[in-house]
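Asks:
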Amino acid sequence: MGGRPVIILKEDTKRSRGSEARKSNMMAAQIVAEVLKTTLGPRGMDKMLIDSMGDITITSDGATVLDQIDVQHPAAKMIIEIAKTQDKEVGDGTTTSVVLAGELLKKAGELLDQNIHPSVIIAGYQKASEKALETLEKVAIDVDMGDRETLMKLANTSIRSKAVSAARDHLSGIVIDAVKQIVEVRDGKVIADVENVQIVKKEGKSLEETELVRGIIVDKEVVHDGMPKKVKGAKIALIDAAIEIEKTEIDAEIRIKTPGGVKAFLDQEAEMLRKMVDRVVASGANVLLTQKGIDDVAQHFLAKAGVLTARRVKKSDMEKLAKATGAKIVSNLQDLKKTDLGTCGLVEERKVGNDKMIFVEECKEPAAVAIFVRAGLERMLDEAERALNDALFVISDVAEMPKMVAGGGAVEMEVAKEVRTYARQVGGREQLAIEAFADALEVIPRTLAENAGLDTLDTMVAMKAAHEKKNGSAMGVNVFEGGVANMLKEGVVEPLVVKLQAVKSCVEVTGMILRIDDVVAAQSSGGGPGGPGGGPPGGMPDMDE
12 MGGRPVIILK
22 EDTKRSRGSE
32 ARKSNMMAAQ
42 IVAEVLKTTL
52 GPRGMDKMLI
62 DSMGDITITS
72 DGATVLDQID
82 VQHPAAKMII
92 EIAKTQDKEV
102 GDGTTTSVVL
112 AGELLKKAGE
122 LLDQNIHPSV
132 IIAGYQKASE
142 KALETLEKVA
152 IDVDMGDRET
162 LMKLANTSIR
172 SKAVSAARDH
182 LSGIVIDAVK
192 QIVEVRDGKV
202 IADVENVQIV
212 KKEGKSLEET
222 ELVRGIIVDK
232 EVVHDGMPKK
242 VKGAKIALID
252 AAIEIEKTEI
262 DAEIRIKTPG
272 GVKAFLDQEA
282 EMLRKMVDRV
292 VASGANVLLT
302 QKGIDDVAQH
312 FLAKAGVLTA
322 RRVKKSDMEK
332 LAKATGAKIV
342 SNLQDLKKTD
352 LGTCGLVEER
362 KVGNDKMIFV
372 EECKEPAAVA
382 IFVRAGLERM
392 LDEAERALND
402 ALFVISDVAE
412 MPKMVAGGGA
422 VEMEVAKEVR
432 TYARQVGGRE
442 QLAIEAFADA
452 LEVIPRTLAE
462 NAGLDTLDTM
472 VAMKAAHEKK
482 NGSAMGVNVF
492 EGGVANMLKE
502 GVVEPLVVKL
512 QAVKSCVEVT
522 GMILRIDDVV
532 AAQSSGGGPG
542 GPGGGPPGGM
552 PDMDE
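12 is the number of the first residue of the sequence shown in our numbering; add one for each residue after it.
Encoded structure:
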């Protein structure tokens, strides 16, 4: 080429290759895992997160922490993605999956330093994960959905690590009742869709006064003072249409030459609205909830007819109301029939704090329910909502796959033991990767012990000794009293599906990061990696954000 440089990439494009790129990616992912490590378990610490607007979030929920922190590094973003996947799929175990992924990358870094090729590490991790999933299935215990005591243990384990753990028994009971109400069987398969549980928060009273409403809460008030504020034996019409005179799509002009013409025009408009209201009354409805607007004149006619009415109800609430009351959402008022109405025992407007809300309750076998959360502090309300969401997912997971495993790091320790035994059968360089996977699994009990202020070495030695004994597979870290204890007897249990998903997620992301050996970053206008002030691509992101 005559000694001339060949320019392929654009000016200012940064590139890092080989071990440099791989190490920076692994380091970024490990830093995210370190951020979450201290939140693991019932003795974990909380994080205070302040966004650009100055809003404060205080939580130990892994998914919320990762959602709030603004990271720039692409590898760190990949770790956050697995946490989001874990949260969407099973609703719990986000911190476990991220901490495990960070530890797998740390162990992979040690193997890379021994000149073991990334492909060998990935293959070993893959084999180890298959063995781990097989072991999890083997040690899992069947759950009977009629056994309330076991369900309480599962929900309590989920809530125990949150700031609202003092009220865990009360909240767990509400969660179990809510999930049992929404469980349905489709094509022989059990489905428990958590979306059918509405969570409504209002400041005031205490956590202990959080209640389950067998129906839905509509955050609206009755539109007219002349309407009833309480209706027993309600017949509910749900309408996705406006009860008002629609404006024409084209401009129109009406010329009125006499004063009587104005009155006739207004009377005609009122008559059209009266007919719309008559349609509602004729169907037998005494409660009307609409997604759109209601004209003032129509409100007057509805008040005279004694129909409790609310307007501009959210679409999601309308769908839940249909499931709770058995009503059909009608898009055309002319099509409203008696068979489209839903029923419930009571519809009442109540004053909660400074706001008015409509409670639609006492529904017969509702397929959607509401949890009305009370607490004296706004941040406690937010934390209670996060805890309830996790617990709802835990119970719905068990409803769909009725199996559980021992918590407190017991199941990870048992799986690590089995994977280590399996490694000896495989042999070769892959054996080292499989053993590294087994070592990485031990990060969960070790972190639980660290966060509880226990002696890590003594705890891990006691755990290993306990798991070598017959019937020792349920021995985990006793974070409250120190040492090890039988987690099944202590009531510390978790759904099997949470652990399965955590293993699958962390192995996928670890393999993906290890496969990257070249990072090419164009200059970004915002000054991200490779841009002005952004540092080299694949370099360390600013984790103080």
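Idealized CB from N, CA, C, for every residue including glycine. Please read all numbers here as calculations on a predicted model, not as lab measurements.
Alpha carbon to alpha carbon, how far is Q97 from P85?
Replies: By 1-based counting over the sequence shown, the position of residue 97 is 86. By 1-based counting over the sequence shown, the position of residue 85 is 74. C-alpha of Q97 to C-alpha of P85: approximately 19 Å in a straight line.
Asks: Pull the bridge partners of C355 from the DSSP assignment, please.
Replies: Here residue 355 refers to the residue found at position 344 of the sequence shown. According to DSSP, C355 bridges with A245.
Asks: Taking the Cβ atom as the reference point for each residue, do K510 and V454 lie within a distance shorter than 8 Å?
Replies: Taking the sequence shown and counting its residues from 1, the one referred to as residue 510 is at position 499. Taking the sequence shown and counting its residues from 1, the one referred to as residue 454 is at position 443. Cβ distance not < 8 Å, so K510 and V454 don't count as in contact.
Asks: If distances are taken between C-alpha atoms only, which option among H311, A378, K303, A427 comes closest to I193?
Replies: As a position in the sequence shown, residue 193 is number 182, starting the count at 1. The option with the nearest alpha carbon to I193 is A378.
Asks: Please return the same chain residues whose Cβ sits closer than 7 Å to the Cβ of K138, not counting the five positions on each side in sequence.
Replies: Taking the sequence shown and counting its residues from 1, one reaches residue 138 at position 127. So the list reads V437, E441, I445, once near-sequence residues are dropped.
Asks: Say whether the segment 413-421 touches the segment 100-109, bearing in mind that this needs 3 or more beta-carbon pairs closer than 8 Å, one atom from each stretch.
Replies: no
Asks: Under 6 Å Cβ to Cβ from E114, same chain only, skipping five residues before and after it: list those, please.
Replies: Sequence index remark: in the sequence shown, residue 114 carries index 103 (1-based). Excluding residues within five positions, the ones whose Cβ falls inside 6 Å are A451, V454.
Asks: Taking the beta strand (DSSP E) that Q345 falls in, what are its first and last residues?
Replies: The residue you call residue 345 lines up with position 334 of the sequence shown. Counting along the chain, Q345 falls outside any beta strand (DSSP E), and DSSP gives it neither H nor E.
Asks: According to DSSP, is M486 helix, strand or coil?
Replies: Here residue 486 corresponds to residue number 475 of the sequence shown, with the count starting at 1. Strand.
Asks: Using the C-alpha atoms, what's the distance from I524 back to A32?
Replies: For this step, residue 32 is matched to residue 21 along the sequence shown. For this step, residue 524 is matched to residue 513 along the sequence shown. In a straight line, the C-alpha of A32 is about 10 Å away from that of I524.
Asks: Taking DSSP as the reference, what is the three-state secondary structure of P506?
Replies: Numbered from its first residue, the sequence shown carries residue 506 at position 495. DSSP, reduced to helix, strand and coil, places P506 within a strand of the structure shown.
Asks: Within the same chain, show all residues whose beta-carbon is closer than 8 Å to that of K118, passing over the 5 residues directly before and after it, in chain order.
Replies: Locating residue 118 in the sequence shown gives position 107, where the first residue counts as 1. For K118, where only same-chain residues beyond five positions count, the Cβ hits under 8 Å are A447, F448, D450, A451.
Asks: Near S516, what residues of its chain come up, given a Cβ to Cβ distance below 7 Å and the 5 sequence neighbours on each side ignored?
Replies: Locating residue 516 in the sequence shown gives position 505, counting from the first residue. Around S516: I93, T96, Q97, S108.
Asks: So D57 and S71 are in contact, right, with Cβ under 8 Å, and what is the actual spacing, rounded?
Replies: By 1-based counting over the sequence shown, the position of residue 57 is 46. By 1-based counting over the sequence shown, the position of residue 71 is 60. Yes, they are in contact, since the Cβ atoms of D57 and S71 sit about 5 Å apart, within 8 Å.
Asks: Can you pull the DSSP bridge partners for V150?
Replies: Here residue 150 corresponds to residue number 139 of the sequence shown, with the count starting at 1. Answer is none; V150 lacks a bridge partner.
Asks: Spatial neighbours of A134 within its chain, please: CB distance less than 8 Å, with the 5 preceding and 5 following residues excluded, ordered by chain position.
Replies: Taking the first residue of the sequence shown as position 1, residue 134 is located at position 123. Counting only Cβ-Cβ distances below 8 Å, and skipping sequence neighbours, we find E441, A444.
Asks: Using only CA atoms, which one of R397, P53, D528 lies nearest to R171?
Replies: Residue mapping note: residue 171 aligns to position 160 of the sequence shown, counting from 1. Closest by alpha carbon: P53.
Asks: Classify L347: buried if its beta carbon has 16 or more other beta carbons within 10 angstroms, exposed otherwise.
Replies: Counting from one through the sequence shown, the residue named residue 347 turns up at place 336. When all chains shown are included, L347 counts as buried.
Asks: Could you tell me which uninterrupted alpha helix (DSSP H) segments, each at least 4 residues in length, are contained entirely in the segment 176-243, listed from first to last along the chain?
Replies: 179-193
Asks: So, A386 versus A395, is the Cβ gap smaller than 8 Å?
Replies: Position 375 of the sequence shown, counted from the first residue, corresponds to residue 386. Position 384 of the sequence shown, counted from the first residue, corresponds to residue 395. For the 8 Å CB-CB criterion, A386 and A395 form a contact.
Asks: Per DSSP, A293 forms a beta bridge with which residues?
Replies: Residue numbering aside, residue 293 sits at position 282 when the sequence shown is read from its first letter. Answer is none; A293 lacks a bridge partner.
Asks: Taking I152 as the reference, which of G493, T320, A485 has the closest Cα?
Replies: Taking the first residue of the sequence shown as 1, we reach residue 152 at position 141. Comparing Cα positions, the closest option is A485.
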